[in-house]
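Sequence lines, in order, name chains A and S. Per our numbering, the very first residue in the first sequence carries number 1; after that it's consecutive. Per our numbering, the very first residue in the second sequence carries number 177; after that it's consecutive. Here a beta-carbon is modelled for each residue, glycine too, at the ideal position from N, C-alpha and C. One structure below.
Protein chains: 2
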Amino acid sequence: MPDPSTLRALRRHGDDRLFLTGRKLREGAELMFFAYRAFTSDPDRILDEKGYGRAHHRTLHFIGRRPGISVAGLLDILGITKQSLARVLKPLVEDGLVDSVPGQKDRRQRLLTLTEEGRAFEGALSEAQRERLSRAFRAAGPEAVAGFRDVMALMIDEDARDDILSMVYDAPDAAE
Amino acid sequence: MPDPSTLRALRRHGDDRLFLTGRKLREGAELMFFAYRAFTSDPDRILDEKGYGRAHHRTLHFIGRRPGISVAGLLDILGITKQSLARVLKPLVEDGLVDSVPGQKDRRQRLLTLTEEGRAFEGALSEAQRERLSRAFRAAGPEAVAGFRDVMALMIDEDARDDILSMVYDAPDAAE
DNA sequence: AGTTTTATGTCAACGGTCCTGACATAAATC
DNA sequence: GATTTATGTCAGGACCGTTGACATAAAACT
């Protein structure tokens, strides 16, 4: 533990150990804002051309991640109402990007998968985002990425964290 | 450099050195989504009660950060059209949260500052967010926070990065 | 002095994304 | 047979962004 005079010196020089000041927190909040805006800007452009929005991207993404997911499962992940999802999902099915088939065990369910075309479009959307993330990760280095991952995970509500993280990390991982 | 068999072992065990795989990038993208959703959830609740939205929060935040900022300056930071800003800014001025005074040098400009009430409200909004950030930072530790900061900064478009970062880091910092 | 540019405000119309409330259907379950 | 569950859909509304067009006042230019 640094003694008081060391602390004062650190404060003057902005040492890493002082990372919980109001100032650092404000900087963190602003970085969240600007980074997220940049992060969503690439796919937004592609989506615009096709007349879709961010919600379509998220829907395609999580169906791609969990092929055969039910509508209820998707609602859980997205955290929206079924009416909101319907307006997004219906065009995707009609446009042939998503397949919706009744479940075999429970025929009330509609199990969702991407069509070939859906996979291709989702791939194009994610491509831009992965590009950006990849550039940032490469430039920052592995340790920074580990830190990024930790902070992001800890930002999630503690109640929901385990569920979300197990979903994020324990994936079918078909693309590798 | 690890030899091929070590690489295989690392892949199996998810070592830090492999941080640019498609899988890690997908995980990063999903963390961005879930963390940002959590990040905005707290102020959203407070704003709802007052009949405001996220846009009002951002507006109050950046006026608070740059007292005396012009409308054009604010538009630059927010990246929206003046019509969009007007719909947000007008109620804030009418409700007495923001002061709008003509510039002395250039009387066409409207220079914006938070009123006492505006500062209080903005403080309450940021409080929840700072709380969340603070918890995450404390639990993650200083090195993780440094990594988080690096990755977030590198996510921003290279053209805009310097401008944005100088705005984020070089602040009046009145609150300390 | 007169023209042009700049900073701002405002009206109208529209699109995307979310919401709540209400109702309908089919299938599973009790 | 009654109830619960999974899903779909209609109606209406809120917020937040857009574009286009026009207006005003002040600054800057020729």
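Counting along the chain, the unbroken beta strand (DSSP E) around Leu112 of chain A starts and ends at Arg110 to Leu114. At a cut-off of 8 Å between beta carbons, Ile164 of chain A contacts chain S. Under the DSSP assignment, Pro243 of chain S falls outside any alpha helix (DSSP H); it carries neither an H nor an E label. Under the three-state reduction of DSSP, Asp333 of chain S is assigned to coil, being neither helix nor strand. Put simply, of A:Phe34, A:Ser41, A:Ser166 and A:Val98 the residue whose alpha carbon is nearest the alpha carbon of Arg130 of chain A is A:Ser41.
When rounded, the separation of the alpha-carbon atoms in Thr257 of chain S and Gly103 of chain A is 46 Å. Of the other Cβ atoms in all chains shown, fewer than 16 fall within 10 Å of the Cβ of Glu225 of chain S; this residue is therefore exposed. Between Ala304 of chain S and Ile222 of chain S, the gap from beta carbon to beta carbon is short of 8 Å. Your pair Thr197 of chain S and Pro243 of chain S does not check out as a contact, with CB atoms roughly 46 Å apart and the cut at 8 Å.
At least one C-beta of chain A is nearer than 8 Å to the C-beta of Ser310 of chain S. Burial is judged here by how many other beta carbons sit within 10 angstroms of a residue's own beta carbon; Ser126 of chain A has at least 16 and is buried. Residues of chain S whose Cβ lies closer than 7 Å to the Cβ of Leu85 of chain A do not exist; the shortest such Cβ separation is about 16 Å. Between the beta-carbon of Ala140 of chain A and that of Gly323 of chain S there is about 7 Å, and that keeps the pair under the 8 Å contact cut.
Under the Cβ criterion of 8 Å, Arg295 of chain S is not counted among the residues facing chain A. As computed with DSSP, Pro278 of chain S is found in a beta bridge with S:Arg286.
The Cβ-Cβ distance between Val247 of chain S and Arg199 of chain S does not fall below 8 Å. Nearest to Gly240 of chain S by C-alpha distance, out of S:Phe313, S:Arg314, S:Thr291 and S:Asp339, is S:Thr291. Of all residues in the segment 26-38 of chain A, the ones placed with a Cβ closer than 9 Å to any Cβ belonging to chain S are Arg26, Glu27, Gly28, Ala29, Glu30, Leu31, Met32, Phe33, Phe34, Ala35, Tyr36, Arg37 and Ala38, in chain order.
Taken through DSSP and simplified to helix, strand or coil, Phe19 of chain A comes out as coil. Taking Leu236 of chain S as the centre and dropping the five residues before and after it, the same chain places the C-beta of Leu268, Leu273, Val274, Leu290, Gly294, Phe297, Glu298 and Leu301 closer than 8 Å to its C-beta, in chain order.
Counting only residues of its own chain and dropping the five nearest sequence neighbours on each side, Leu31 of chain A has no CB closer than 8 Å to any other CB.
Listed by position along chain S, the residues whose Cβ is nearer than 7 Å to that of Leu20 of chain A are Ser310, Phe313 and Arg314. Against chain S, the CB of Tyr169 of chain A has a partner CB under 8 Å away; the residue lies at that interface. Take Arg308 of chain S, set aside five residues on each side of it, and the residues of its chain with a beta-carbon closer than 8 Å to its own are Ala214, Phe215 and Asp218, in chain order. DSSP, read as helix, strand or coil, puts Leu97 of chain A in coil. Counting only Cβ-Cβ distances below 7 Å, Ala304 of chain S has no contacts in chain A at all, with the closest Cβ about 11 Å away. Excluding sequence positions up to five before and after Leu75 of chain A, its CB lies within less than 8 Å of the CB of Thr81, Lys82 and Leu85, all in the same chain and listed in chain order.
Taking 8 Å as the threshold, the shortest C-beta distance from Leu330 of chain S to chain A falls below it. Identification of chain A residues near Ala231 of chain S by a Cβ-Cβ cut-off of 9 Å yields none; the smallest Cβ-Cβ distance measures about 12 Å. Taking 8 Å as the CB threshold, Asp252 of chain S stays off the interface with chain A. Collapsing the DSSP output to three states places Thr257 of chain S in coil.
Below the 7 Å Cβ cutoff, chain A contributes no neighbours of Ala248 of chain S, its closest Cβ being approximately 19 Å away. Leu154 of chain A sits away from Arg325 of chain S, with the two beta carbons spaced by 8 Å or more. Comparing alpha-carbon positions, the option among A:Ser100, A:Ser166, A:His56 and A:Asp44 lying closest to Ile69 of chain A turns out to be A:Ser100.
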